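Student: In the working numbering, each number is its position in the sequence shown, counted from 1, plus 49. Each residue gets a CB set at the ideal place from its N, CA and C atoms; glycine is no exception. On a predicted model such as this, the values are computed, not experimentally measured, just so you know. This is the structure I want to talk about, given as structure tokens.
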Amino acid sequence: MTLSVGTDAVRQSLASFRQEREADWKAFESLLARVEKRAPRALSEDELLSLPLLYRSALSSLSVARATSLDSALIAYLEALCLRGYFYLYGARRSLRTRIGDFFLHDWPAAIRDLWREVWTSVALTVIGAIAGYWLVASDKRWYDAIIAPSLAGGRNPDSSAETLRSVLYGGGDHFLSGFAAYLFTHNTQVSILAFALGFAFAVPSVLIILMNGCMLGAIFQIYAAKGLGFELGGWLSIHGTTELFAIAIAGAAGMRIGTSIAFPGELARMAAAARAGRVAATAMIGVTVMLLFAGLLEGIGRQTITSDIVRYSIGGGMLAFWISYFYLFRMVRHGDR
């Protein structure tokens with residue numbers, strides 16, 4: 050009998066609690082739903098002013114509900130409602146335009162600056178690989194077939210004549226040239242993805258991929274240099290190459306950062322160290338995608354229509370100067386203007 054009376058009292062208390070305050074909860078929930086779907090301008094001035102008051106009322110209700118051990122479902126509902134209110138009233142809300150602006154003005158350059166050791170290590174590995182590939186093919190031309198895949202070679206090899214090799218560089222709208230350029234872009238995109246994605250294996254695959262990519266570059270350069278076309282090939286590659294190779298270096302650097310963080314986590318747990326490195330690496334890789342898109346435009350349009358070596362080098366050098374300034378100098382200039 051006593052238990053039944055106690056249960057009835059709890060139910061009556063819960064019903065009274067709901068009756069007194071539920072209208073405020075529903076009003077607060079309705080206002081939140083409207084501003085979350087649209088924008089603050091969807092509310093009138095009075096409704097906007099009532100939001101913090103209703104939020105404090107919901108917090109008060111939650112406090113009472115917890116203190117008196119009321120219905121657990123009601124407590125869960127109030128917790129969710131208060132959490133939504135907190136995120137709307139006090140959370141950092143940024144528009145898509147603001148987020149994109151922050152990425153290009155702050156997040157991406159900051160990530161590249163954070164990765165500066167790995168980036169320049171990746172650049173050094175590319176140069177070492179290119180020197181090795183050049184030397185191997187120069188010492189024994191059979192190395193060329195071992196280094197360069199037939200699909201990438203496109204029938205060009207150490208035995209090709211100078212006229213055949215020159216036709217690739219100045220073929221204009223030639224069908225083969227367009228297909229070859231598309232293949233190069235696809236190949237370098239795959240290299241970037243692999244250099245990043247395989248970095249978790251203590252960075253070893255990333256290092257090997259960057260070295261091999263440089264080796265391929267050196268092997269191709271050797272067969273042109275041997276026919277007196279080294280300068281011309283450099284111009285042909287530079288239009289898109291300064292952007293594309295820099296993007297590959299950054300992708301390799303991102304993979305190295307994750308791999309070295311796993312191998313040498315320091316005072317952090319391995320997963321925590323990998324997660325911290327992953328945030329920087331992921332930001333850098335989003336930027337790599339942007340760079341590859343730029344490289345694709347330069348490769349598909351500029352390199353097919355511009356046949357002047359000087360102009361090619363000017364575009365390639367200008368793009369390299371732009372990326373270096375953007376990543377490493379822009380922050381100093383911007384801060385100096387403040």
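For my contact list, Ala-198 and Cys-264 are in at a C-beta cut-off of 8 Å; report their separation, rounded to the angstrom.
Tutor: Wrong, their Cβ atoms sit about 12 Å apart, outside the cutoff.
Student: Once DSSP output is grouped into helix, strand and coil, what is the label at Phe-313?
Tutor: Note: Phe-313 maps to coil in three-state DSSP.
Student: Go ahead and label Glu-167 buried or exposed: buried means 16 or more other beta carbons lie within 10 angstroms of its beta carbon, across all protein chains shown.
Tutor: Its Cβ being crowded by 16 or more others within 10 Å, Glu-167 is buried.
Student: Let me check understanding here. Comparing Cα to Cα, which of Leu-127, Thr-147 and Ala-300 lies closest to Phe-66?
Tutor: Comparing Cα positions, the closest option is Leu-127.
Student: According to DSSP, simplified to helix, strand and coil, what is Asn-206?
Tutor: Note: Asn-206 maps to coil in three-state DSSP.
Student: Measure the alpha-carbon distance for Ser-112 versus Leu-369 and round it to whole angstroms.
Tutor: Going from the Cα of Ser-112 to the Cα of Leu-369 covers about 60 Å.
Student: Tell me, to the nearest whole angstrom, how far the beta carbon of Val-240 is from that of Asn-262; I am working on the premise that it is less than 8 Å.
Tutor: Their Cβ separation, rounded to whole angstroms, is 5 Å, which keeps Val-240 and Asn-262 in contact under 8 Å.
Student: According to the Cβ coordinates, are Ala-274 and Tyr-183 closer than 9 Å?
Tutor: Taking 9 Å as the Cβ cut-off, Ala-274 and Tyr-183 qualify as a contacting pair.
Student: Name the residue from Leu-102, Pro-101 and Ser-79 whose alpha carbon lies nearest to the alpha carbon of Ala-91.
Tutor: The shortest Cα separation from Ala-91 among Leu-102, Pro-101 and Ser-79 belongs to Ser-79.
Student: Quick check: does the Cβ of Val-329 come within less than 8 Å of any heavy atom belonging to the ligand PLP?
Tutor: The ligand content of the structure shown is nil, which means the ligand PLP is not present either.
Student: In chain order, what residues of the same chain lie with their CB nearer than 7 Å to the CB of Leu-123, ignoring the 5 residues before and after it?
Tutor: Excluding positions up to five away in sequence, the list reads Ala-114.
Student: Per DSSP, what kind of secondary structure is Ala-250 in: helix, strand or coil?
Tutor: Coil at Ala-250, not helix or strand.
Student: In angstroms with no decimal places, state the Cα-to-Cα distance between Phe-225 and Met-334.
Tutor: With a pLDDT of only 49 at Phe-225, under 50, the local geometry of the prediction cannot be trusted, and the value read off the model is given with reservation. Distance between the alpha carbons of Phe-225 and Met-334: 31 Å.
Student: Just to confirm before moving on: does the CB-CB distance between Ile-288 and Glu-348 stay below 9 Å?
Tutor: Yes, these two residues count as a Cβ contact at 9 Å.
Student: Roughly how many angstroms separate the alpha carbons of Ala-187 and Arg-325, rounded to a whole number?
Tutor: Their backbone Cα atoms lie some 44 Å apart in a straight line.
Student: Let me confirm a value: Phe-136 is counted as buried when at least 16 other C-beta atoms fall within 10 Å, else exposed. Which label applies?
Tutor: Flag for Phe-136 reads exposed.
Student: Express the C-alpha separation of Glu-293 and Ile-269 in angstroms, rounding to a whole number.
Tutor: The alpha-carbon atoms of Ile-269 and Glu-293 are separated by roughly 16 Å.
Student: Can you name, in chain order, every residue of its own chain whose Cβ lies under 7 Å from the Cβ of Gly-290, other than the five neighbours on each side?
Tutor: Answer for Gly-290: Gly-365, listed in chain order.
Student: If we call anything under 9 Å between Cβ atoms a contact, is Ser-255 one with Gly-315?
Tutor: Cβ atoms of Ser-255 and Gly-315: not closer than 9 Å.
Student: When DSSP labels each residue in this structure, what does Ile-299 get in the three-state scheme?
Tutor: Looking at Ile-299 - three-state DSSP - the assignment turns out to be helix.
Student: Can you name the start and end residues of the alpha helix (DSSP H) that Arg-162 belongs to?
Tutor: Residues 157-163.
Student: Along the chain, where does the alpha helix (DSSP H) that runs through Leu-145 open and close?
Tutor: It spans 145-151 - the alpha helix (DSSP H) in which Leu-145 sits, taken as one unbroken run.
Student: With burial defined as no fewer than 16 other Cβ atoms inside 10 Å of the residue's Cβ, what is the status of Val-217: buried or exposed?
Tutor: Buried, because 16 or more other Cβ atoms sit within 10 Å of the Cβ of Val-217.
Student: Please state the DSSP three-state secondary structure of Ala-198.
Tutor: Ala-198 falls in the coil class under three-state DSSP.
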